[in-house]
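Chains A and B, in that order, are what the protein sequence lines are. If you read the first sequence in our numbering, its first letter stands for residue 0, the second for the next number, and so on. If you read the second sequence in our numbering, its first letter stands for residue 21, the second for the next number, and so on.
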Amino acid sequence: MQKFTRKHDYDGLLIVIEGTDGSGKSTQLELLKRFIEDKSYGVMVSEWKTSRLIADVIDEAKDRNLLNATTYSLLYAADFADRLENQIIPALKSGFIVLLDRYYYTALARDVVRGQDIEWVQNLYDFAPQPDLTFYLDMPVDVLLKRIIGTTGLDYYESGRDVGFSTDFYNSFEMYQNKCLEQYNWMKKEYGFKSIDGTKPIKEIHKIMNIEVQKILDSGILD
Amino acid sequence: MAKLTQTHELKGTLVCVEGIDGSGKSTQLNLLRDWLKSCGQDVLYTEWNSSPLISQTTKLAKKKNLLSPRTFSLLHAVDFADRLKQVIAPALKAGFIVLADRYAYTAFARDVARGVDPSWVRNVYDFAIKPDLSIYFDIDPKVAMERICFNRAPKFYEAGMDLKLSNDPYESYVIFQSRVIKEYKKMVKEYGLVKLDATDSIHSKQVKIREMLKTVLKAKGIEV
Chain A
0 MQKFTRKHDY DGLLIVIEGT DGSGKSTQLE LLKRFIEDKS YGVMVSEWKT
50 SRLIADVIDE AKDRNLLNAT TYSLLYAADF ADRLENQIIP ALKSGFIVLL
100 DRYYYTALAR DVVRGQDIEW VQNLYDFAPQ PDLTFYLDMP VDVLLKRIIG
150 TTGLDYYESG RDVGFSTDFY NSFEMYQNKC LEQYNWMKKE YGFKSIDGTK
200 PIKEIHKIMN IEVQKILDSG ILD
Chain B
21 MAKLTQTHEL KGTLVCVEGI DGSGKSTQLN LLRDWLKSCG QDVLYTEWNS
71 SPLISQTTKL AKKKNLLSPR TFSLLHAVDF ADRLKQVIAP ALKAGFIVLA
121 DRYAYTAFAR DVARGVDPSW VRNVYDFAIK PDLSIYFDID PKVAMERICF
171 NRAPKFYEAG MDLKLSNDPY ESYVIFQSRV IKEYKKMVKE YGLVKLDATD
221 SIHSKQVKIR EMLKTVLKAK GIEV
């Protein structure tokens with residue numbers, strides 16, 4: 000059965016920005032939000048792992064290293080379900096443009112890299128509507144590494160240390176992110192992402208996104 | 021795929037009891053545990069919604085009525101997965117008799133009664149190990165209500181008040197638990213749950229359960 004293809008018929012629009020850690024998603028999301036606001040449309044932003052109740056549990060469990068691959072998948076799915084049902088769908092029903100920093104594609108990449116069966120993950124998220132537009136910020140691993148080391152530093156889970164590829168942070172990060180990228184490269188085609196070269200200047204990426212969003216707005220779907 | 025329909029090959033033995041609250045399953049499981057321990061068996065007891073990772077959060081969310089049926093379903097799955105991977109599976113590998121007060125079937129019954137898609141929730145629990153013996157205590161919801169609510173009103177979730185079936189908690193309880201029971205009855209066939217009449221005496225149920233368990237253990241070369 001084809002998964003991740005559940006069309007929604009809400010009045011609003013669901014726009015997703017995907018990409019690995021450090022690919023510039025948040026920056027672009029902020030710019031896109033302002034662009035849409037300037038056009039007098041209602042915008043709502045929701046970020047990955049921000050459900051009021053569950054996000055704290057995930058953070059604490061990660062700090063204490065309590066998660067296995069299955070509880071990791073399920074907790075993120077619970078966080079997603081809570082945000083979807085309490086924030087995202089109500090906003091879509093009211094005709095908002097909902098901008099999302101990450102969507103179920105992130106879970107698919109991370110969970111599959113952690114050894115979960117892809118069909119199991121697809122089914123786990125099958126209750127969620129397919130986005131109207133998904134941007135993907137494509138970044139090579141070597142650029143990502145520099146960006147992350149230069150900003151937040153290497154994090155245990157972002158480096159996939161829990162998966163046990165290597166006890167060396169650098170090696171583990173490289174292997175983990177490469178495996179995530181493999182998943183993204185597959186999904187890019189499978190789910191028709193608008194892939195953008197993430198190494199381009201911020202303004203240029205923003206312009207590409209604006210053009211795509213403008214096309215949808217011009218279609219009059221939200222008028 | 022679908023481990024819940026495949027016999028496991030671990031050294032230990034997994035027994036679960038199912039049924040709505042007030043069906044007497046915990047009483048039976050406690051008796052079974054004490055007996056097995058007195059026979060010198062290694063026994064491990066595990067309860068629904070008791071993982072240190074998430075159970076307090078789930079309880080808090082229930083108290084505040086914060087979450088949708090699907091989110092609850094996922095939180096219970098987190099709890100179950102945590103116990104399965106950290107407690108149940110290792111104990112089975114080490115040869116313990118694991119006694120589970122409620123198992124994945126509880127989720128299939130309750131979540132579906134709350135409107136969650138049956139095949140979705142079954143897939144969520146796809147990683148569960150098939151028990152060697154699953155006992156379902158069948159009871160009329162009115163009888164169960166008399167047992168647990170003799171000195172208090174039904175609680176919000178056990179009465180399914182979140183579903184707004186009725187404003188009267190007693191009436192809501194009977195409607196909701198009847199739905200849960202309907203789901204359990206389907207699973208008697210689907211998963212081979214052994215149905216026992218909950219209104220039989222404590223003694224006669226315990227005798228039956230011990231007989232069934234002895235047969236299971238004997239097939240694994242264990243005499244009790």
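We put the beta carbon where it would ideally sit given N, CA and C, even for glycine. Just so we're clear, the structure is a prediction, and the values are computed from it rather than from any experiment.
Which residues of chain A have a Cβ atom closer than 7 Å to the Cβ of residue i, listed in chain order?
i                   : result
phenylalanine 176/B : By Cβ distance, chain A contributes nothing, its closest Cβ being about 17 Å from phenylalanine 176/B, past 7 Å.
alanine 245/B       : An answer regarding residue 245/B cannot be provided, because it is not within the stretch 21 to 244 covered by chain B.
Would you mind telling me which residues of chain B sit closer than 7 Å to residue i, beta carbon to beta carbon, in chain order?
i                : result
valine 56/A      : Ile74 and Thr77
leucine 143/A    : Near leucine 143/A there are no residues of chain B at all, since even the closest Cβ is about 30 Å away, more than 7 Å.
leucine 28/A     : Result: empty, since nearest Cβ-Cβ is about 24 Å, beyond 7 Å.
tryptophan 119/A : Asn143 and Asp146
Determine, for residue i, whether the minimum Cβ-Cβ distance to residues of chain A falls below 8 Å.
i                : result
tryptophan 18/B  : For chain B, the structure presents residues 21 to 244; residue 18/B sits outside this window and is missing.
leucine 94/B     : yes
aspartate 146/B  : yes
leucine 87/B     : yes
alanine 81/B     : yes
asparagine 50/B  : no
tryptophan 55/B  : no
asparagine 143/B : yes
Would you list the residues sitting across from residue i in a DSSP beta bridge?
i                   : result
phenylalanine 134/A : Ile16/A and Lys193/A
lysine 215/B        : Tyr156/B
methionine 43/A     : Val97/A
glutamate 38/B      : Tyr156/B
leucine 123/A       : Leucine 123/A is not bridged to any residue.
isoleucine 117/B    : Thr33/B and Val63/B
List, in order along the chain, the chain A residues whose C-beta lies closer than 8 Å to that of residue i?
i             : result
arginine 90/B : Ala80, Glu84 and Phe126
Shorter than 8 Å from the beta carbon of residue i to some beta carbon of chain B?
i              : result
alanine 90/A   : no
leucine 74/A   : yes
histidine 7/A  : no
threonine 70/A : yes
leucine 227/A  : Since the first residue shown for chain A is 0 and the last is 222, residue 227/A is missing from the structure and cannot be characterised.
leucine 123/A  : yes
methionine 0/A : With a pLDDT of 49 at methionine 0/A, under the threshold of 50, the modelled position of that residue is not reliable, and no figure is offered here.
Using a cut-off of 8 Å between C-beta atoms, extract the partners of residue i located in chain B.
i               : result
threonine 151/A : The contacting residues do not exist; threonine 151/A stays about 26 Å from chain B at best.
leucine 52/A    : Thr77, Leu80, Ala81, Leu86 and Leu87
leucine 12/A    : Neighbours of leucine 12/A on chain B: none; closest Cβ ~23 Å, over 8 Å.
Rounded to whole angstroms, how far is the Cβ of residue i from the Cβ of residue j, which I believe are closer than 8 Å?
i                 : j                   : result
glutamine 176/A   : valine 140/A        : 5 Å
leucine 216/B     : phenylalanine 128/B : Contact flag wrong, Cβ pair sits at about 19 Å.
tyrosine 190/B    : glutamate 178/B     : Wrong, their Cβ atoms sit about 11 Å apart, outside the cutoff.
isoleucine 195/A  : leucine 136/A       : 6 Å
isoleucine 40/B   : alanine 124/B       : Incorrect: roughly 16 Å between the Cβ atoms, too far for contact.
glutamine 226/B   : leucine 56/B        : Between leucine 56/B and glutamine 226/B the Cβ distance is about 12 Å, and since that is not below 8 Å, they are no contact.
leucine 153/B     : methionine 232/B    : 6 Å
phenylalanine 3/A : tyrosine 190/A      : 6 Å
valine 35/B       : alanine 120/B       : 7 Å
tyrosine 211/B    : leucine 24/B        : 7 Å
lysine 150/B      : histidine 28/B      : 6 Å
lysine 78/A       : serine 50/A         : Rather than lysine, the amino acid found at residue 78/A in this sequence is aspartate. Their Cβ separation, rounded to whole angstroms, is 4 Å, which keeps aspartate 78/A and serine 50/A in contact under 8 Å.
leucine 144/A     : glutamate 173/A     : 7 Å
How would you list, in chain order, the residues of chain B whose beta-carbon sits under 9 Å from the beta-carbon of residue i?
i             : result
alanine 108/A : Simply none; closest approach about 19 Å.
Taking a cut of 9 Å between CB atoms, which residues from the segment 101-112 of chain B lie near chain D?
-> The structure shown has no chain D; the protein chains it does contain are A and B.
Ignoring anything shorter than 3 residues or poking outside the segment 148-200 of chain A, list the beta strand (DSSP E) runs there in chain order.
-> Taking only runs of at least 3 residues, the beta strand (DSSP E) segments lying wholly in the segment 148-200 of chain A are 193-196.
Please specify which runs of the beta strand (DSSP E), each continuous and at least 3 residues long, are wholly inside the segment 124-204 of chain B, giving them in chain order.
-> 153-158
Only counting runs of 3 or more residues, tell me where the beta strand (DSSP E) segments fall wholly within the segment 46-110 of chain B, in order along the chain.
-> The qualifying runs are 63-67.
Can you list the alpha helix (DSSP H) stretches of 4 or more residues lying completely in the segment 22-83 of chain A, in chain order?
-> 24-37, 53-62 and 68-82
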